[in-house]
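Undergrad: Taken in sequence, the protein lines are chains A and B. Heads up, the first sequence is in this note's numbering, so the first residue is 1 and it goes up one at a time. Heads up, the second sequence is in this note's numbering, so the first residue is 338 and it goes up one at a time.
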Amino acid sequence: MGYAIEVNNVIKKFKRGSGLKKREIVAVNNATFEINEGEIFGLLGPNGAGKTTLVRCIATLLIPDSGTIKIMGKDVLKYPLFCRRQIGLLTSGERTLYWKLSAKDNLKFFAALYGLDKKETEKRIDYLMELLGLKEVQNERVEKYSSGMKQKVSLARALIHDPKVLLLDEPTLGLDPQFARFLRDFIKNVLNRQERKTILLTTHYMDEADELCSRIAFINQGRIVDCKTPEEYKRDLPHSEVLEIKTTLITNAKELEENLSKIPTIEKVNITTQNTITHFKIILPRAEQVLSDVISEVQKYAKILAIDVNEPTLEDVFIYITGRRLTEDTKEELELE
Amino acid sequence: MNFKAQLRIVISEFQKSIKIWLAYPILLVFWVIAPLMWLLPFIFQGKALVGGMHSEAFKNLTGSPNYLPFVLIGAMVSTYIFSGLWGVGNSLREETYWGTLEYIIASPASPILVLLGKTLAEFLYASVNVGLQALLATLFLGLNLTITKILPVLVIVLLLVIGFYGFAIAFAGLTLLIKEAHGWVHTIEWVFYLFSPIRYPVEVSPITKTLSALIPLTYALVAIRTIILLNKNLGDLHKIIFILLIMDIVLLLGGYIIFRLSERRTKVAGTLGQY
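1. Using 8 angstroms as the Cβ pair cut-off and three pairs as the minimum, do the stretch 340 to 353 of chain B and the stretch 110 to 119 of chain A touch?
2. Name the chain A residues that come within less than 7 angstroms of Gly436/B, Cβ to Cβ?
3. Checking the sheet assignment: what are the DSSP bridge partners for Asp226/A?
4. Can the beta-carbon of Ala49/A be found less than 9 angstroms from the beta-carbon of Asn220/A?
5. Beta-carbon of Pro445/B versus every beta-carbon of chain C: anything under 9 angstroms?
6. Rounded to the nearest angstrom, what separates Lys516/B and Ala446/B at their Cα positions?
7. Grab me the residues of Asn8/A's own chain with a C-beta within less than 7 angstroms of its C-beta, minus the 5 sequence neighbours each way, in chain order.
8. Relative to the alpha-carbon of Gly38/A, which residue among Gly19/A, Trp99/A, Ile187/A and Lys108/A has its alpha-carbon at the smallest distance?
9. Classify Asp117/A as buried or exposed, calling it buried when 16 or more other Cβ atoms lie within 10 Å of its own Cβ.
10. How many angstroms separate the CA atom of Leu566/B from the CA atom of Thr555/B?
11. Using a Cβ-Cβ cut-off of less than 9 angstroms, list which residues of the stretch 109 to 120 of chain A approach chain B; keep chain order.
12. Closer than 9 angstroms, Cβ to Cβ, to anything on chain B: give me those residues from the stretch 37 to 62 of chain A, in chain order.
13. Based on the DSSP secondary-structure assignment, which residues constitute the bridge partners of Ala385/B?
14. Is the stretch 161 to 177 of chain A touching the stretch 197 to 215 of chain A, taking contact as three or more C-beta pairs under 8 angstroms?
15. Please work out which residues of its chain come closer than 7 angstroms, Cβ to Cβ, to Gly148/A, disregarding the five sequence neighbours upstream and downstream, and give them in chain order.
16. When the Cα of Leu89/A is compared with those of Ser146/A, Lys70/A and Ala158/A, which residue comes out closest?
17. Cβ atoms of Pro448/B and Phe596/B: under 9 angstroms apart, would you say?
18. Less than 6 angstroms between C-beta atoms, sequence neighbours within five positions excluded: which residues of the same chain meet that for Arg124/A?
19. Please report how far the alpha carbon of Ser292/A lies from the alpha carbon of Val298/A, in whole angstroms.
20. Considering only residues of the same chain and omitting the five flanking positions on each side of Arg536/B, which have a CB-CB separation below 7 angstroms?
21. To the nearest angstrom, how far is it from the Cα of Ile266/A to the Cα of Ala253/A?
22. Leaving aside the five residues before and after Pro489/B along the sequence, list all residues of the same chain whose C-beta is less than 7 angstroms from its C-beta, in chain order.
23. At 8 angstroms on the CB atoms, spell out the chain B contacts of Arg84/A, in chain order.
24. What are the residues of the stretch 578 to 607 of chain B that lie near chain A, defined by any Cβ-Cβ distance shorter than 9 angstroms?
25. Kindly list, in the order they appear in chain B, the residues whose Cβ is closer than 8 angstroms to that of Arg157/A.
26. For the alpha helix (DSSP H) that contains Ser428/B, what are its first and last residues?
27. Flag Ser428/B as yes if its beta-carbon sits less than 9 angstroms from any beta-carbon of chain A, otherwise no.
28. Using a C-beta to C-beta distance shorter than 9 angstroms, which residues of chain A count as neighbours of Ser354/B?
29. Lys383/A touches chain B at which residues, Cβ-Cβ below 8 angstroms?
30. Considering only the alpha carbon of each residue, which of Ile40/A, Gly17/A and Ile25/A lies closest to Ala4/A?
31. Would you call the CB atoms of Gly93/A and Leu173/A closer than 9 angstroms?
32. Compare the beta carbon distance of Leu249/A and Thr276/A with 9 angstroms and say whether it is the shorter of the two.
33. Using the C-alpha atoms, what's the distance from Glu311/A back to Gly520/B?
34. Would you say Ile515/B faces chain A, with C-beta separation under 9 angstroms as the test?
35. Label Asn29/A either buried or exposed according to how many other C-beta atoms from any shown protein chain fall within 10 Å of its C-beta, with 16 as the threshold for buried.
36. Do the stretch 583 to 596 of chain B and the stretch 493 to 508 of chain B touch if we need at least three Cβ pairs shorter than 8 angstroms?
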């Protein structure tokens, strides 16, 4: 079995600002990975890490500055029509459909764009509407649908031409937990197991990536920093624990972070502040050994609200590798001179 | 993709555009009435200035003393142009607002085929609009529009819109880059109003007369007025028809090239789906 998607040394830069303030941002920096046919591959990283830019390059919506991308063995820039036929695209957000048209009319239009004839179109629409439980409402205008139903129609659109490869860019973002659950089950059991689709899933939800993906690439500031199975990632932190401390009224977070990092056996310290609450994630072999030292250090700078010791998750692995949380936004660190 | 599949894309876009229009019935009624509402102030203005609808000064410039049919024809023909400019030129901006543009561009269909479908829908819409205006103008405003004149007029209209839609396709491509359509459409509208004989003969000023020669609408309006007001036929207008044909070829080719270049530049800049 070959590769469904091959990404080789892809670089994508954007120009931002104007005049003297004009600068270049590296959105994707030398990305390289391959996705096997029939695999669910995750691209996991915080907002602004370059996930969507990479997906858009693969979907031929963006032209990379350098590097190559192949779909089913063919270069997307040399054979764009072939590659587009192999790809089904699903992004987050409600506003990706014609709200004044019914689900059926939306699908009919996009079926025509993919070259399906009338008979094939009817057959695919019937199948997908049945599969996604939209049969009863398929003739109603999309504007009357709930967010979840709209996302189901968007998913049906991505599947209308029965593509081999699916690009799912943050597909559960903004959906209610019940529908997000449905979508995850659908991706795993129907699209991957039954229909054998190759799926590239971008997400910043670690649970989603952990549950669905056979392999995950961590992406941070445009770079692919690692690519492994979820189990391999977790094995990277053998015998480790994560000490989580919730504090308030912190006086000097930076100094405290430095002091905590100096405590023997502590491997990584990550601090995030939201409103007046500051969260610490400390990765270390055994929390019990240094707990009293940590508490006394933290108490010098802040008031402790809660302390917890947990097993490391994928997010902790991400912090361990990049020093950043998945929920952080990427700002201007990607700037070039 | 074979010809049949490409034709299906054009028809699907045509059907989609019509269905979306029909979802806004009040807007449809407005666009039928609006051209006449724009026209009435000029009729009243003409009456106030020359004391009626006939003017010797007007005759010296146009060959016909009758101001009303002149303005009526200008209003009707320009409906094709302006609805095309709004409908086709602005159409990709609309797709951006709907969030559907990226899905069109990510498909194997050429966006030019989608624009062609929009063009056909606009042409139908403008034709219904102009047909109603012509009916009202014939019944209530004394426009002499007989069946024998309609066919040659339609030939000229077709020659006009083919080239103009080439321009609108180029404009649609440019809106992908400039991310703003309304200001530009208004500017183009006023350039057309000023430098082509929609509301007045361009001969009133040497500047308008010279610049009007660059605009296909000028030739189409001169030809249509010659057919309707001076009872000439297409054979008498072979020179104008030739000019319109050349302009059509240039505008269609130019429109295609500009669209493709704009689309590519947008993909490089990464601004395709941006508002």
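Idealized CB from N, CA, C, for every residue including glycine.
TA: So, from the data block:
1. Three or more beta-carbon pairs drawn from the stretch 340 to 353 of chain B and the stretch 110 to 119 of chain A are found closer than 8 angstroms, and the two stretches are therefore classed as touching.
2. Stepping through the second sequence from its first residue, residue 436/B is reached at position 99. At a C-beta separation below 7 angstroms, Gly436/B has these neighbours in chain A: Gly93, Arg95 and Thr96.
3. Reading the first sequence from its first residue, position 226 is the one you call residue 226/A. According to DSSP, which records beta bridges pairwise, Asp226/A is partnered with Phe218/A.
4. Here residue 49/A refers to the residue found at position 49 of the first sequence. Here residue 220/A refers to the residue found at position 220 of the first sequence. Taking 9 angstroms as the Cβ cut-off, Ala49/A and Asn220/A qualify as a contacting pair.
5. Among the protein chains in the structure shown, which are A and B, there is no chain C.
6. Position 179 of the second sequence, counted from the first residue, corresponds to residue 516/B. Position 109 of the second sequence, counted from the first residue, corresponds to residue 446/B. Note on geometry: alpha-carbon atoms of Lys516/B and Ala446/B lie some 23 angstroms from one another.
7. Within the first sequence, numbered from 1, the residue matching residue 8/A stands at position 8. For Asn8/A, the CB contacts under 7 angstroms within the same chain, skipping 5 residues up- and downstream, are Thr32, Gly67 and Thr68 in chain order.
8. The sequence position of residue 38/A within the first sequence is 38, counting from 1. If we check each option's Cα against that of Gly38/A, Ile187/A comes out closest.
9. Translated into the one-based positions of the first sequence, residue 117/A becomes position 117. Result: exposed.
10. For the purposes of this step, residue 566/B is taken as residue 229 along the second sequence, with counting starting at 1. For the purposes of this step, residue 555/B is taken as residue 218 along the second sequence, with counting starting at 1. Leu566/B and Thr555/B have their C-alpha atoms spaced approximately 16 angstroms apart.
11. Residues passing the 9 angstroms Cβ filter: Phe109, Phe110, Ala111, Ala112, Leu113, Tyr114, Gly115, Leu116, Asp117 and Lys118.
12. So the close ones are Thr53, Arg56, Ala59, Thr60, Leu61 and Leu62.
13. Position 48 of the second sequence, counted from the start, is the residue given in the question as residue 385/B. Answer is none; Ala385/B lacks a bridge partner.
14. Enough Cβ pairs lie closer than 8 angstroms, so yes.
15. One-based indexing of the first sequence puts residue 148/A at position 148. Only Leu175, Asp176 and Phe179 meet the Cβ criterion.
16. Here residue 89/A is taken as the residue at index 89 of the first sequence, counted from 1. Closest by alpha carbon: Ala158/A.
17. Numbered from 1 along the second sequence, position 259 holds the residue referred to as residue 596/B. Numbered from 1 along the second sequence, position 111 holds the residue referred to as residue 448/B. Their beta carbons are under 9 angstroms apart, which means Phe596/B touches Pro448/B by this criterion.
18. Within the first sequence, numbered from 1, the residue matching residue 124/A stands at position 124. The residues are Ile160.
19. The sequence position of residue 292/A within the first sequence is 292, counting from 1. The sequence position of residue 298/A within the first sequence is 298, counting from 1. Going by the C-alpha atoms only, they are around 10 angstroms apart.
20. Here residue 536/B refers to the residue found at position 199 of the second sequence. The residues are Phe379, Val408, Gly411 and Tyr530.
21. Your numbering for residue 266/A matches position 266 in the first sequence. Your numbering for residue 253/A matches position 253 in the first sequence. For Ile266/A and Ala253/A, the distance between alpha carbons rounds to 17 angstroms.
22. Mapped onto the second sequence, residue 489/B falls at position 152. The residues Ile564, Asn570 and Leu571, in chain order, have a CB closer than 7 angstroms to that of Pro489/B in the same chain once the five nearest residues on each side in sequence are set aside.
23. Taking the first sequence and counting its residues from 1, the one referred to as residue 84/A is at position 84. Residues of chain B passing the Cβ test: Ala443, Ser444 and Pro445.
24. If the cut-off is 9 angstroms between Cβ atoms, the stretch 578 to 607 of chain B has Arg601, Lys604, Val605, Ala606 and Gly607 near chain A.
25. As a first step, residue 157/A must be located in the first sequence, where it is residue number 157. Per Cβ cutoff of 8 angstroms: Tyr440.
26. Here residue 428/B refers to the residue found at position 91 when the second sequence is read from its first residue. Where Ser428/B is concerned, the enclosing alpha helix (DSSP H) stretches over Ser428 to Trp435.
27. Taking the second sequence and counting its residues from 1, the one referred to as residue 428/B is at position 91. Taking Cβ atoms only, chain A never reaches closer than 9 angstroms to Ser428/B, which makes this a no.
28. The count along the second sequence starts at 1 and reaches residue 354/B at position 17. Using a Cβ-Cβ cut-off of 9 angstroms, Ser354/B is close to nothing in chain A; its nearest Cβ partner there is about 10 angstroms away.
29. This structure leaves residue 383/A out entirely; chain A is present only between 1 and 337.
30. On the first sequence, position 4 is the one that residue 4/A refers to. Checking every option, the nearest Cα to that of Ala4/A belongs to Ile40/A.
31. Locating residue 93/A in the first sequence gives position 93, counting from the first residue. Locating residue 173/A in the first sequence gives position 173, counting from the first residue. Yes, the Cβ-Cβ distance between Gly93/A and Leu173/A is below 9 angstroms.
32. Here residue 249/A refers to the residue found at position 249 of the first sequence. Here residue 276/A refers to the residue found at position 276 of the first sequence. Taking 9 angstroms as the cut-off, the Cβ atoms of Leu249/A and Thr276/A count as close.
33. Working through the second sequence from its first residue, we reach residue 520/B at position 183. Working through the first sequence from its first residue, we reach residue 311/A at position 311. The straight-line gap from Cα to Cα measures roughly 58 angstroms.
34. Your numbering for residue 515/B matches position 178 in the second sequence. For Ile515/B, the nearest beta carbon of chain A is not closer than 9 angstroms to its own beta carbon.
35. As a first step, residue 29/A is located in the first sequence; it is residue number 29 there, counting from the start. With 16 or more other Cβ atoms within 10 Å, it is buried.
36. Result yes; three or more Cβ-Cβ pairs closer than 8 angstroms.
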